[in-house]
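What follows is a set of notes on a single structure, which appears directly below.
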Amino acid sequence: MRYPYLFLDCDGTLFDFDQSERNAIKFLSGQIGFDYEKGMPIYHQVNAQCWAELEQGLMDQEQLRVERFRRFLPVVGCKAEPEKANEIYGDALAKEGIPYPFTKPLLTRLRALGHKLYITTNGIPATQWGRYHASGIIPYVDGIFISGELGYSKPDLRYFEAVLGKLGNPDRSLCAIVGDSLTSDIQGGRNAHIHTIWYNPGHKRSELPDDQLDDLTKLPLHI
Ligand SMILES: [Mg+2]
Numbered sequence: 039m040r041y042p043y044l045f046l047d048c049d050g051t052l053f054d055f056d057q058s059e060r061n062a063i064k065f066l067s068g069q070i071g072f073d074y075e076k077g078m079p080i081y082h083q084v085n086a087q088c089w090a091e092l093e094q095g096l097m098d099q100e101q102l103r104v105e106r107f108r109r110f111l112p113v114v115g116c117k118a119e120p121e122k123a124n125e126i127y128g129d130a131l132a133k134e135g136i137p138y139p140f141t142k143p144l145l146t147r148l149r150a151l152g153h154k155l156y157i158t159t160n161g162i163p164a165t166q167w168g169r170y171h172a173s174g175i176i177p178y179v180d181g182i183f184i185s186g187e188l189g190y191s192k193p194d195l196r197y198f199e200a201v202l203g204k205l206g207n208p209d210r211s212l213c214a215i216v217g218d219s220l221t222s223d224i225q226g227g228r229n230a231h232i233h234t235i236w237y238n239p240g241h242k243r244s245e246l247p248d249d250q251l252d253d254l255t256k257l258p259l260h261i
């Protein structure tokens with residue numbers, strides 16, 4: 039075993055976040071009145087842009103939560119307050135934790151092989167904890183590190199320093215990060231000098247990661 043400490047991104051890696059997001063936006067559309075079919079792709083784009091700005095340090099999480107709706111609602115002609123929309127959306131999303139079908143068997147297998155498993159996620163604590171409880175994932179991992187609790191987000195080196203510090207500062211050559219995002223997971227792993235494994239089911243191209251997989255059930259062969 040080369041990497042006893044595995045840092046696992048959650049959304050888009052272990053969890054089907056797109057489905058969770060669609061469910062929560064659909065609920066919100068019914069509550070405050072906008073066309074879900076038209077609005078969903080727009081929200082997806084606006085939200086991704088806001089998270090990209092957060093990763094670049096241009097806004098913090100508190101700002102992001104409301105800002106995405108401040109940008110989105112006028113585009114779909116909805117006059118609801120962005121603060122209210124965020125509250126309804128956040129409550130709905132917190133009930134939506136949807137692991138991929140392979141996730142729990144994979145985590146069980148990795149643990150049986152002796153790996154320590156830590157979820158490393160950029161997210162809002164109340165939302166993420168709600169989703170982890172709803173999904174039943176908590177007993178399958180050894181720890182969960184949410185950026186909103188640590189005060190820094192991936193790919194910031196300080197996020198990884200905080201995580202490593204809480205684990206007693208294991209040698210970084212024993213750690214690997216697995217995630218679907220080049221900008222947060224893979225860049226973050228590089229910043230922290232830990233091994234990077236890109237979950238790349240869409241077969242995109244990048245030289246940034248050390249290793250990549252299109253099927254996470256093959257992960258035990260790579261670590
Ligand atoms: Mg992800």
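Under our numbering, think of the first position of the sequence shown as 39, with each following residue one higher.
In this text, a Cβ means the ideal position worked out from N, Cα and C, and glycines have one as well.
Check: Any heavy atom of ligand 1 closer than 8 angstroms to the CB of S58?
Finding: Here residue 58 refers to the residue found at position 20 when the sequence shown is read from its first residue. Short note on S58: C-beta not closer than 8 angstroms to any heavy atom of ligand 1.
Next item on the list: Tell me whether T51 counts as near ligand 1, meaning its Cβ is closer than 8 angstroms to at least one heavy atom of that ligand.
Entry: Reading the sequence shown from its first residue, position 13 is the one you call residue 51. Yes, Cβ of T51 sits closer than 8 angstroms to a heavy atom of ligand 1.
Item checked: Nearest to F198 (by Cα), restricted to the options P177, Y127, D223 and T51 -> Sequence index remark: in the sequence shown, residue 198 carries index 160 (1-based). Nearest option by C-alpha distance: D223.
Notebook entry, point to check: What is the residue span of the beta strand (DSSP E) that I235 lies within?
Noted result: Taking the first residue of the sequence shown as 1, we reach residue 235 at position 197. DSSP places I235 in the uninterrupted beta strand (DSSP E) bounded by H233 to Y237.
Margin query: Quick check: is any heavy atom of ligand 1 less than 8 angstroms from the C-beta of S211?
Written below: Working through the sequence shown from its first residue, we reach residue 211 at position 173. S211 Cβ: outside cutoff for every heavy atom of ligand 1.
Check: Would you say the segment 228 to 235 touches the segment 108 to 127, given that touching needs at least three Cβ pairs under 8 angstroms?
Finding: Per the Cβ contact rule, the segment 228 to 235 is not in contact with the segment 108 to 127 (fewer than 3 Cβ pairs under 8 angstroms).
Notebook entry, point to check: What's the gap between the Cα of Q57 and the Cα of T165?
Noted result: The residue you call residue 57 lines up with position 19 of the sequence shown. The residue you call residue 165 lines up with position 127 of the sequence shown. Between Q57 and T165, the C-alpha separation is close to 15 angstroms.
Next item on the list: Could you tell me the boundaries of the beta strand (DSSP E) in which T158 lies?
Entry: Position 120 of the sequence shown, counting from 1, holds the residue named residue 158. Membership of T158 in the beta strand (DSSP E) is indicated by the continuous run K154 to T159.
Item checked: Validate contact between the segment 90 to 98 and the segment 40 to 58 using beta carbons, cut 8 angstroms, 3 pairs -> Judged by Cβ distances under 8 angstroms, the segment 90 to 98 makes no contact with the segment 40 to 58, as fewer than three pairs qualify.
Next item on the list: In angstroms with no decimal places, state the Cα-to-Cα distance between L202 and G128.
Entry: Here the question's residue 202 lines up with position 164 in the sequence shown. Here the question's residue 128 lines up with position 90 in the sequence shown. Their Cα atoms are separated by approximately 29 angstroms.
Margin query: Is F140 close to ligand 1? I mean its beta-carbon at under 8 angstroms from any heavy atom of the ligand.
Written below: The residue labelled residue 140 in the question sits at position 102 within the sequence shown. No, since every heavy atom of ligand 1 falls outside the 8 angstroms radius drawn around the Cβ of F140.
Checklist line | Three-state secondary structure assigned by DSSP to Q36 | finding: Residue coverage of the chain in this structure runs from 39 to 261, which leaves residue 36 outside it and unanswerable.
Next item on the list: Check whether the segment 132 to 139 touches the segment 186 to 196, counting contact only when three or more Cβ pairs, one atom from each stretch, lie closer than 8 angstroms.
Entry: The segment 132 to 139 is not in contact with the segment 186 to 196.
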